[in-house]
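A.B. asks: Pasting in a structure now, in structure tokens, and then I'll have a few things to ask.
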Amino acid sequence: MHELKYLQGYPSHLTDQISTLIRNDKLKAYLLNKYPEAHQVQSEKSLYDFVMALKNQYLRKSAPISKVAYDSKIHVVNHALGLHSFVSRVHGNKVKAKNEIRVSTLFKQAPEPMLRMIVVHELAHIREKEHNKAFYQLCCHMEPHYHQLEFDTRLLLTQMDQDGSIYSTADS
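The opening residue of the sequence shown carries number 1 in UniProt numbering; numbering runs sequentially from there.
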């Protein structure tokens with residue numbers, strides 16, 4: 001049986017279903033049926049525009065974001081798919097704050113809803129620093145299917161551990 005490291009903590013009835021999909025080599029087909037294509041947000045500029053559109057829609061009055069980037073140094077092994085950093089610096093009698101959002105380069109080959117889920121998660125950290133009830137309520141406000149997308153992202157990561165991206169020229 002394959003180790004389901006991204007699905008630890010989920011109920012056994014779910015992990016048993018996923019194990020069956022993996023054993024029958026059907027997880028990739030399941031994901032491709034649900035998410036037939038990868039997003040087109042490939043450049044840093046397009047990622048910035050993508051993030052800012054969501055921020056402007058849901059968090060207009062929040063602190064500005066100074067940088068958005070794909071980051072190849074973010075690894076799932078470190079339990080991170082994206083990072084939000086907040087730095088405050090004192091310049092004379094003024095405090096200057098910088099918010100940055102970084103998304104793992106793994107998500108350059110992901111479906112758009114999963115990229116959106118990662119971005120929503122990082123945007124929610126602008127208002128809520130901790131993973132508490134208010135944080136997840138904000139995530140669900142910005143993306144109503146947040147929890148399902150988080151689960152599906154874990155399935156995608158499980159599949160990627162099996163054979164890389166779900167989107168390849170050899171897909172049938």
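C-beta atoms are modelled at their ideal positions from N, C-alpha and C, and glycine is treated no differently.
1. With a threshold of 7 Å on Cβ separation, who are the neighbours of V77 within its own chain once the five nearest residues in sequence on each side are excluded?
2. I need the DSSP call for A38, collapsed to helix, strand or coil.
3. Does the distance from the CB of Y10 to the CB of P111 come in under 7 Å?
4. Which residues in the same chain have their Cβ closer than 7 Å to the Cβ of S72, if we skip the five residues on either side of it in sequence?
5. Which residue's Cα is closest to the Cα of I74: Y146, K108, Y58 and G92?
6. Look at the alpha carbon of V103 and the alpha carbon of Q8, and state the distance between them as a whole number of angstroms.
7. Check this for me: beta carbons of A97 and A69, under 7 Å apart or not?
8. Give me the residue from T15, Q17 and K55 with the minimum Cα distance to E122.
9. For L149, I'd like the list of residues in its chain whose CB is within less than 8 Å of its CB, leaving aside the five on either flank, ordered along the chain.
10. From what residue to what residue does the beta strand (DSSP E) around I118 run?
11. With K55 as the anchor, note down where its alpha helix (DSSP H) starts and where it stops.
C.D. replies: The short version:
1. Numbered from 1 along the sequence shown, position 77 holds the residue referred to as residue 77. Because the pLDDT of V77 is 45, which lies under 50, any placement of that residue in the model is unreliable, and the question is left without a value.
2. Against the sequence shown, residue 38 aligns to sequence position 38. Reduced to three states, the DSSP call for A38 is coil.
3. Reading the sequence shown from its first residue, position 10 is the one you call residue 10. Reading the sequence shown from its first residue, position 111 is the one you call residue 111. Contact: no.
4. The sequence position of residue 72 within the sequence shown is 72, counting from 1. For S72, where only same-chain residues beyond five positions count, the Cβ hits under 7 Å are T105.
5. In the sequence shown, residue 74 corresponds to position 74, counting from 1. Per the Cα distances, K108.
6. Here residue 103 refers to the residue found at position 103 when the sequence shown is read from its first residue. Here residue 8 refers to the residue found at position 8 when the sequence shown is read from its first residue. Looking at the two C-alpha atoms, the distance is approximately 23 Å.
7. By one-based count along the sequence shown, residue 97 stands at place 97. By one-based count along the sequence shown, residue 69 stands at place 69. Cβ atoms of A97 and A69: not closer than 7 Å.
8. The count along the sequence shown starts at 1 and reaches residue 122 at position 122. Per the Cα distances, K55.
9. Stepping through the sequence shown from its first residue, residue 149 is reached at position 149. Answer for L149: P113, M114, R116, M117 and E143, listed in chain order.
10. Position 118 of the sequence shown, counted from the start, is the residue given in the question as residue 118. Not the beta strand (DSSP E): I118 falls in the alpha helix (DSSP H), residues E112 to R127.
11. Against the sequence shown, residue 55 aligns to sequence position 55. Where K55 is concerned, the enclosing alpha helix (DSSP H) stretches over E44 to Y58.
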